[in-house]
Each structure stands twice: as C-alpha cells, then as structure tokens.
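Numbering (our numbering), first residue to last: 34 to 113.
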C-alpha cells in the first residue's frame, strides 16, 4: 500500500492539487483521500481506481519483479 499511497500523493503534487482539490475533482471524500495518502489498508479498489483514473492510471496486478523495480524508482526519486 505504501507504493500506491506515494504514487497518488506524488501525482497530486505534480498536478498542483491540494487534497481538497483532488477530493472535488475525483468525487471522493476528503477523508478517503487522506486515508489513501496515509496508506490505510482498508480501501475499496473501485474508489482507488476512480482516483487513479484522474491521472490516467489504474490499479492492476503486477509481477513481483516489476513491483520491486517501481519501489526502487520511488525510493531513488523521492522528493519528500
């Protein structure tokens, strides 16, 4: 969940959006946006995909090797 949370937060910031902006644009509650960005584990995948769709992305199964490469990418390119 950490990678998902970091991805959503990074995309939000790349697009110059506040959590409130993202809530309004996605139609999802501000509380849910905050929980997703904090890595809460009880998320509905349809809501996550609704949010990701704003950035042209969707949650899909990925091979473990791909996941490891993505984690390394975000660790090496983290600005926070």
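A virtual CB, placed ideally from N, CA and C, is assigned to each residue, including glycine.
The C-alpha of residue 58 lies about 17 Å from the C-alpha of residue 40.
The three-state reading of DSSP puts residue 59 in helix, counting H, G and I together. With at least 16 other beta carbons inside 10 angstroms of its own, residue 84 counts as buried. The Cβ atoms of residue 37 and residue 81 sit closer than 8 Å to each other.
Rounded to whole angstroms, the separation of the alpha carbons of residue 76 and residue 48 is 23 Å.
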